[in-house]
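Just so you know, the numbering used here puts 60 at position 47 of the sequence shown, and the rest follows in order with no gaps.
Remarks on the structure that follows.
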Amino acid sequence: MIRPVVKKPSVLEQFAFSNSTLFNQINKGLMPPGIHLGDRAVGYLQHELDAVLSARIAGCSNEEIKLLVKNLIEERQADFKKTGGTL
């Protein structure tokens, strides 16, 4: 399964966030954290960003978005296990 990955500048533009706002949203559980692509590279899964933006547009509360983000992160682990991966 191919999942498009975007870099931080695209995330900042898509959400009209500053660096510090993105960092704070991730720390509060309101945005999914990036994934490490290398020693100095981080990417964000586009489908996760789309889900959060859709929830915002739909008027979901912060608590609902936190639950969404938690579920998105859990899906990462489930997808990994589907490929036969173990941690």
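From the three backbone atoms N, C-alpha and C, an ideal C-beta is built for every residue, glycine too.
Since the structure is predicted, the reported quantities are computational estimates derived from the model, not experimental observations.
Worksheet item: Smallest Cα separation from leucine 43: which of Thr96, Gly56 and Glu76?
Response: Glu76
Worksheet item: Would the beta-carbon of alanine 54 fall within 8 Å of that of leucine 81?
Response: no
Worksheet item: Is isoleucine 70 helix, strand or coil when you go by DSSP?
Response: Helix at isoleucine 70.
Worksheet item: For isoleucine 15, which three-state DSSP category applies?
Response: coil
Fill in: Separation of asparagine 84 from phenylalanine 36, as counted between CA atoms
Rounded to whole angstroms, phenylalanine 36 to asparagine 84 spans 19 Å at the Cα level.
Worksheet item: In the DSSP assignment, what residue or residues form a beta bridge with isoleucine 58?
Response: With the sequence shown as reference, residue 58 is identified as leucine, and isoleucine is not the correct amino acid for it. According to DSSP, leucine 58 bridges with Val18.
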